[in-house]
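When we follow our numbering, the leftmost residue of the sequence shown carries the number 3, and every step to the right adds one.
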Amino acid sequence: MKIKCLLIMIGLSWALTGCIVANKNISSAETYPWFPFSWYAAKISGKNFDKVAMLVPVKVNDLNADFTLQFDLGSDATLVYGNTIDSYYKESEIKNFLIESSKSMDNGGKNVYKTKGLIYHLGKLSKDNLVYKAGYGDKITKDSLFTKKPKHIGTLGADVFNNKILIIDYPNKRMCVLDSLDSHWKKVTTFVDAKSNNGRLHIPLTIAGKTHWFLFDTGASLFPINTNKELWTSLVDQTAKTDTIIANSWGEKVKFYGRPIKEKVYLGKRKLENDYAWYNENKRLQEFNTTENVDGLTGNAFFVNNVIVLDFKNKKFGVVN
Numbered sequence: 003m004k005i006k007c008l009l010i011m012i013g014l015s016w017a018l019t020g021c022i023v024a025n026k027n028i029s030s031a032e033t034y035p036w037f038p039f040s041w042y043a044a045k046i047s048g049k050n051f052d053k054v055a056m057l058v059p060v061k062v063n064d065l066n067a068d069f070t071l072q073f074d075l076g077s078d079a080t081l082v083y084g085n086t087i088d089s090y091y092k093e094s095e096i097k098n099f100l101i102e103s104s105k106s107m108d109n110g111g112k113n114v115y116k117t118k119g120l121i122y123h124l125g126k127l128s129k130d131n132l133v134y135k136a137g138y139g140d141k142i143t144k145d146s147l148f149t150k151k152p153k154h155i156g157t158l159g160a161d162v163f164n165n166k167i168l169i170i171d172y173p174n175k176r177m178c179v180l181d182s183l184d185s186h187w188k189k190v191t192t193f194v195d196a197k198s199n200n201g202r203l204h205i206p207l208t209i210a211g212k213t214h215w216f217l218f219d220t221g222a223s224l225f226p227i228n229t230n231k232e233l234w235t236s237l238v239d240q241t242a243k244t245d246t247i248i249a250n251s252w253g254e255k256v257k258f259y260g261r262p263i264k265e266k267v268y269l270g271k272r273k274l275e276n277d278y279a280w281y282n283e284n285k286r287l288q289e290f291n292t293t294e295n296v297d298g299l300t301g302n303a304f305f306v307n308n309v310i311v312l313d314f315k316n317k318k319f320g321v322v323n
């Protein structure tokens, strides 16, 4: 999700200097160097949602300003929004950050560039080789540049977690990254085999006895399941009223339709709480699912009361018992 330009969804190097833990024998979750996240709430199509997006606090270079990133595992890149970062630097300085030879266009029609010299700092963690998205995000007025309110500046994507273990503790609103899975998490977590494409994890959900593959997208917080109309029709209660919301996807307004799920949904042997399933008929989003070879997206909604472990190294997805 994107804030004010709200996102629904969509190899850079990752320098981890503090949050990666190599100790294989840590026995308590409290000993890990967690970093926090917060929930962004919003009203969309007249409906209040208290968990629209996950925001992570971040610093940029040596700027004396506070920023936030949307935590978005549906994106295979970590982005910095051009309009926002441009507000803090001279045009000549921005040009020095951009690698002109890397210029390309994303699937939303925006120019993107690889960068050098732009670095995100998340506590003791650092992330360089950001992707600059031109003409995107909010422009910041001069009198607001260094106020206490954090400015939303980009996304934290799946590339950060390549070959790593990511732990998301939803109840305590915190996350941590590990080099490898230690004995503590092996003991307390039940895993299922996952798949991976461009660094993004696909997880199997069994519905009405059939397995469907969904991209696990922390940027799709509104939707327990977001799929195509054909699959949606087979999953939901046809007698229920259809809810409709309109949300932005990469700056494009998209209509989503939802009804309660009538079938039982399982992740491995774990039964997930039934919720709403949604579909859209947006060509770009449906083409993304086809290219990604998934039936749709699933996100935070099924797991907001859990601690989950995403093993990008061994392609596994787990829920702490």
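Using N, Cα and C, we set each Cβ at its ideal position, and we do this for glycine too.
Query raised in the report: Taking C-alpha atoms, which residue in Phe-258, Lys-264, Asp-277 and Ser-182 lies nearest to Ser-47?
Result: Position 45 of the sequence shown holds residue 47. Of Phe-258, Lys-264, Asp-277 and Ser-182, the residue nearest in Cα terms is Phe-258.
Query raised in the report: Should Ile-169 be labelled buried (16 or more other beta-carbon atoms within 10 Å of its own) or exposed?
Result: Taking the first residue of the sequence shown as position 1, residue 169 is located at position 167. Residue environment: Ile-169 is assigned as buried (16 or more neighbouring CB atoms within 10 Å of its CB, all protein chains considered).
Query - As assigned by DSSP and simplified to three states, the class of Val-23 - result: In the sequence shown, residue 23 corresponds to position 21, counting from 1. Here Val-23 scores only 44 on pLDDT, less than 50, and its place in the model should not be relied on; the value that follows carries that caveat. If DSSP states are grouped into helix, strand and coil, Val-23 belongs with the strands.
Report task. Pair every Cβ in the segment 207-219 with every Cβ in the segment 170-188, then say whether three or more of these pairs are closer than 8 Å. Result -> Taking 8 Å as the limit for Cβ pairs, the verdict is that the segment 170-188 does not touch the segment 207-219.
Requested in this report: Can you grab the Cα-Cα spacing for the pair Lys-112 / Leu-75, in whole Å?
Outcome: The sequence position of residue 112 within the sequence shown is 110, counting from 1. The sequence position of residue 75 within the sequence shown is 73, counting from 1. For the pair Lys-112 and Leu-75, the Cα-to-Cα distance works out to about 20 Å.
Requested in this report: Go ahead and label Leu-57 buried or exposed: buried means 16 or more other beta carbons lie within 10 angstroms of its beta carbon, across all protein chains shown.
Outcome: What you label residue 57 is simply residue 55 of the sequence shown in a count that begins at 1. Around the beta carbon of Leu-57, 16 or more other beta carbons sit within 10 angstroms, so the residue counts as buried.
Query raised in the report: What's the gap between the Cα of His-204 and the Cα of Tyr-90?
Result: Start at 1 with the first residue of the sequence shown, and residue 204 comes out as number 202. Start at 1 with the first residue of the sequence shown, and residue 90 comes out as number 88. Our two residues, His-204 and Tyr-90, have alpha carbons roughly 37 Å apart in a direct line.
Report task. For Ala-24, collect the residues of the same chain with a Cβ closer than 6 Å to its Cβ; drop the 5 residues on either side in sequence, then sort them by chain order. Result -> By 1-based counting over the sequence shown, the position of residue 24 is 22. The predicted model places Ala-24 with a pLDDT of 42, which falls under 50 and marks its position as unreliable, so this point remains unresolved.
Query raised in the report: Whose CA, out of Phe-69, Val-114 and Asn-308, lies closest to the CA of Leu-124?
Result: As a position in the sequence shown, residue 124 is number 122, starting the count at 1. Here the closest residue by C-alpha is Phe-69.
Report task. Return the residue from the list Phe-225, Tyr-83 and Ile-96 that minimises the CA-CA distance to Phe-51. Result -> Position 49 of the sequence shown, counted from the first residue, corresponds to residue 51. Per the C-alpha coordinates, the member of Phe-225, Tyr-83 and Ile-96 positioned closest to Phe-51 is Phe-225.
Report task. Determine the DSSP secondary structure at Gln-240, reduced to helix, strand or coil. Result -> For the purposes of this step, residue 240 is taken as residue 238 along the sequence shown, with counting starting at 1. Of the three classes helix, strand and coil, the one that applies to Gln-240 here is coil, per DSSP.
Report task. Kindly list the residues whose CB is nearer than 6 Å to the CB of Val-311, restricted to its own chain and excluding five residues on each side of it in sequence; keep chain order. Result -> Taking the sequence shown and counting its residues from 1, the one referred to as residue 311 is at position 309. The residues are Ile-169, Trp-187, Thr-191 and Gly-320.
Requested in this report: Check Gly-84 in the structure and name its three-state DSSP category.
Outcome: To locate residue 84, count along the sequence shown from 1; it is residue 82. Here Gly-84 sits in helix by DSSP.
Query raised in the report: Could you check where the alpha helix (DSSP H) with Thr-33 kicks off and where it finishes?
Result: For the purposes of this step, residue 33 is taken as the residue at position 31 of the sequence shown. Run containing Thr-33: none; DSSP gives neither H nor E here.
Query raised in the report: Are the beta-carbon atoms of Gly-110 and Asn-164 separated by less than 8 Å?
Result: On the sequence shown, residue 110 is found 108 positions in, with the first residue counted as 1. On the sequence shown, residue 164 is found 162 positions in, with the first residue counted as 1. Between Gly-110 and Asn-164, the CB-CB gap reaches or exceeds 8 Å.
Query - Leu-224 - DSSP class collapsed to helix/strand/coil - result: As a position in the sequence shown, residue 224 is number 222, starting the count at 1. Three-state result, Leu-224: coil.
Query raised in the report: So, helix, strand or coil for Asn-98, using DSSP?
Result: Numbered from 1 along the sequence shown, position 96 holds the residue referred to as residue 98. Asn-98: helix per DSSP, three-state reduction.
Query - Same chain only: Cβ atoms within 8 Å of Lys-1, ignoring 5 sequence neighbours per side - result: The displayed coordinates of the chain run from 3 to 323. Any statement about residue 1 would go beyond what the structure contains.
Requested in this report: Please list, in chain order, all residues of the same chain as Leu-18 whose beta carbon is under 6 Å from its beta carbon, the five residues on each side excluded.
Outcome: The count along the sequence shown starts at 1 and reaches residue 18 at position 16. The pLDDT assigned to Leu-18 is 36, lower than 50, so where the model puts this residue is not dependable; a value taken from the coordinates is nonetheless given after this. Answer for Leu-18: Leu-127, listed in chain order.
Query raised in the report: Considering Asn-291, what are the terminal residues of the alpha helix (DSSP H) in which it resides?
Result: Counted from its first residue, the sequence shown places residue 291 at position 289. First-last of the alpha helix (DSSP H) with Asn-291: 285-294.
Report task. State the CB to CB distance for the pair Val-114 and Val-133, rounded to an integer number of angstroms; the pair is presumed to be in contact (CB under 8 Å). Result -> Walking along the sequence shown from the start, residue 114 turns up at place 112. Walking along the sequence shown from the start, residue 133 turns up at place 131. The pair is a contact, with the Cβ atoms about 5 Å apart (cut-off 8 Å).
Query raised in the report: Counting along the chain, where does the beta strand (DSSP E) carrying Ser-128 start and finish?
Result: Residue mapping note: residue 128 aligns to position 126 of the sequence shown, counting from 1. If you look at Ser-128, you'll find it in the beta strand (DSSP E) that goes 127-129.
Query raised in the report: Ordered along the chain, which non-local residues of its own chain (more than five positions away) have a Cβ less than 6 Å from that of Ser-198?
Result: Looking up residue 198 in the sequence shown gives position 196. The beta carbon of Ser-198 is closer than 6 Å to those of Lys-317 in its chain, skipping five residues each way along the sequence.
**Report entry** Beta-carbon proximity of Asp-297 to Thr-241, cut-off 8 Å
**Finding:** Counting from 1 along the sequence shown, the entry for residue 297 is found at position 295. Counting from 1 along the sequence shown, the entry for residue 241 is found at position 239. No, these two residues do not count as a Cβ contact at 8 Å.
**Report entry** Distance, Gly-156 Cα to Tyr-83 Cα
**Finding:** Here the question's residue 83 lines up with position 81 in the sequence shown. Here the question's residue 156 lines up with position 154 in the sequence shown. Here the alpha carbons of Gly-156 and Tyr-83 stand approximately 5 Å from one another.
Query raised in the report: According to DSSP, which residues form a beta bridge with Glu-254?
Result: Counting from 1 along the sequence shown, the entry for residue 254 is found at position 252. DSSP, once it has assigned bridges, lists Ser-251 as partnering Glu-254.
Report task. Consult DSSP for Lys-116 and reduce its assignment to one of helix, strand or coil. Result -> The residue labelled residue 116 in the question sits at position 114 within the sequence shown. If DSSP states are grouped into helix, strand and coil, Lys-116 belongs with the strands.
**Report entry** Inter-residue spacing [alpha-carbon to alpha-carbon] between Leu-274 and Leu-237
**Finding:** The residue you call residue 274 lines up with position 272 of the sequence shown. The residue you call residue 237 lines up with position 235 of the sequence shown. Annotation: Leu-274 to Leu-237 spans about 14 Å, alpha carbon to alpha carbon.
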